[in-house]
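Here the structure is laid out as structure tokens; the discussion comes afterwards.
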Amino acid sequence: MAIPQLKLNDGNIIPQFGLGTWQVPNEDAERVVLEAFEMGYRHIDTAELYMNEEAVGKAVRSSGLPREEIWVTTKLWNNHRGKREVEAQFEKSLKLLGLDYIDLYLIHWPAPNNGPIEETWETFASLRDRGLVRSIGVSNFDERFLPAILNTGIIPAVDQIELNPQFQQRATVDVASEYDVKIEAWGPLGRGKIDFDSGVIGNIAQQLGATWAQVVLAWHIARGHIVFPKSVHKARVAENLAATELVLSDAQLQQIDALDLGEAGRLSGDPALVN
6 MAIPQLKLND GNIIPQFGLG TWQVPNEDAE RVVLEAFEMG YRHIDTAELY
56 MNEEAVGKAV RSSGLPREEI WVTTKLWNNH RGKREVEAQF EKSLKLLGLD
106 YIDLYLIHWP APNNGPIEET WETFASLRDR GLVRSIGVSN FDERFLPAIL
156 NTGIIPAVDQ IELNPQFQQR ATVDVASEYD VKIEAWGPLG RGKIDFDSGV
206 IGNIAQQLGA TWAQVVLAWH IARGHIVFPK SVHKARVAEN LAATELVLSD
256 AQLQQIDALD LGEAGRLSGD PALVN
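Heads up: take any position in the sequence shown, counting from 1, add 5, and you land on the working numbering.
This is the structure in structure tokens:
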């Protein structure tokens with residue numbers, strides 16, 4: 006099955022649908038990623054924090070797939086700020102992955118209490134300009150923190166934020182869209198807090214002969230979000246991928262849009278408080 010592709014504002018093409026590896030142990034990650042590759046996945050999202058970069062990289066290298074066909078994202082954790090820290094941690098991640106370059110490198114959280122972000126972001130641009138990273142971006146930078154990045158004149162390719170039908174972060178999406186910054190949605194299924202198996206989404210799932218999770222993922226795709234649900238179970242990984250072939254009507258999309266609860270739908274910590 007063909008995975009949709011999106012063009013980033015730097016000209017690079019990213020698979021819109023991928024596999025997340027948050028909370029996937031290093032000892033399981035290689036198997037999970039290789040199984041995903043066999044199904045057709047080509048986009049893998051990891052991070053320094055996840056402590057599975059080594060296994061993800063091993064899977065990429067042993068897959069037999071051309072490196073240029075695979076999109077690998079990793080992230081810099083919050084305690085690394087400034088040129089020297091960024092370069093040292095980047096080299097560590099690159100070594101763990103065992104790759105010559107990273108497709109997308111993100112600042113994981115704004116962590117405002119850790120100091121100004123400008124030098125860190127400028128170092129990201131340097132890594133990109135040196136060919137060590139293809140695209141650069143940020144994560145969890147909402148409408149309060151994204152302007153500081155944009156004001157540097159170095160425009161991120163993506164902003165990876167918590168987003169699900171009940172927490173749509175519309176103010177952040179609006180700021181990002183002005184600069185053609187693509188939104189990546191983490192926690193796309195609500196991470197278990199919200200019962201989407203009934204109500205609007207459950208009804209749509211029944212109409213389409215799909216699961217509620219597939220309906221939510223299809224909504225993300227239709228709304229232009231880059232999305233990468235996580236699972237260690239082969240059947241669920243395959244089920245998630247099938248969502249790329251599910252088509253929702255305009256009316257169904259609008260019904261899901263109407264589920265937004267604003268801040269009440271947040272599941273994670275406030276980016277202003279995460280350090």
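Yeah, the Cβ is synthetic: ideal placement off N, Cα and C, and Gly gets one too.
(request) Find out if the Cβ-Cβ distance for the pair V186, V163 is shorter than 8 Å. (result) yes
(request) Check the C-beta distance from G69 over to D50 and give it rounded, since I have them as a contact under 8 Å. (result) Not a contact, Cβ separation roughly 21 Å.
(message) What does the Cβ neighbour count give for V252, buried or exposed, with the cut at 16 atoms within 10 Å?
(response) exposed
(message) Tell me the residue span of the beta strand (DSSP E) that contains R139.
(response) It spans 138-144 - the beta strand (DSSP E) in which R139 sits, taken as one unbroken run.
(message) Could you compute how far the alpha carbon of R135 sits from the alpha carbon of A52?
(response) 21 Å
(request) Would you identify the three-state DSSP class for L258, choosing helix, strand or coil? (result) helix
(request) Taking only the alpha-carbon atoms, compute the straight-line gap between I188 and N119 and give it to the nearest angstrom. (result) 24 Å
(message) Give the list of continuous alpha helix (DSSP H) stretches no shorter than 4 residues that lie fully inside the segment 66-143.
(response) 88-102, 123-134
(message) Determine whether the beta carbon atoms of L39 and V77 lie at a separation below 8 Å.
(response) no
(message) Using a 10 Å radius around the Cβ and a threshold of 16 neighbouring Cβ atoms, would you call R47 buried or exposed?
(response) Result: buried.
(request) Check whether the segment 242-249 touches the segment 263-280, counting contact only when three or more Cβ pairs, one atom from each stretch, lie closer than 8 Å. (result) Verdict: no, contact absent.
(request) Report yes or no: do three or more beta-carbon pairs, one from the segment 82-96 and one from the segment 142-157, lie closer than 8 Å? (result) no
(request) Pull up the distance between the alpha-carbon of L155 and that of L272, whole angstroms please. (result) 26 Å
(message) Considering only DSSP beta bridges, list what I18 is partnered with.
(response) K12
(request) Kindly list the residues whose CB is nearer than 8 Å to the CB of D265, restricted to its own chain and excluding five residues on each side of it in sequence; keep chain order. (result) P170, Q171, F172, Q173, R175
(request) Identify every residue that forms a DSSP beta bridge with E191. (result) With the sequence shown as reference, residue 191 is identified as Trp, and Glu is not the correct amino acid for it. Bridge pairing for W191: E167 [DSSP].
(message) What residue range does the alpha helix (DSSP H) around L50 cover?
(response) Looking at the sequence provided, one finds Asp at residue 50 rather than Leu. Not the alpha helix (DSSP H): D50 falls in the beta strand (DSSP E), residues 48-50.
(request) Quick one: give me the first and last residue of the alpha helix (DSSP H) that K239 is part of. (result) 239-247
(request) Look at the alpha carbon of G197 and the alpha carbon of F129, and state the distance between them as a whole number of angstroms. (result) Low local confidence applies: a pLDDT of 48 at G197 is under 50, so the model's placement there is unreliable, and no value is given.
(request) Can you have a look at S254 and say buried or exposed, based on whether 16 or more other CB atoms are within 10 angstroms of its CB? (result) exposed
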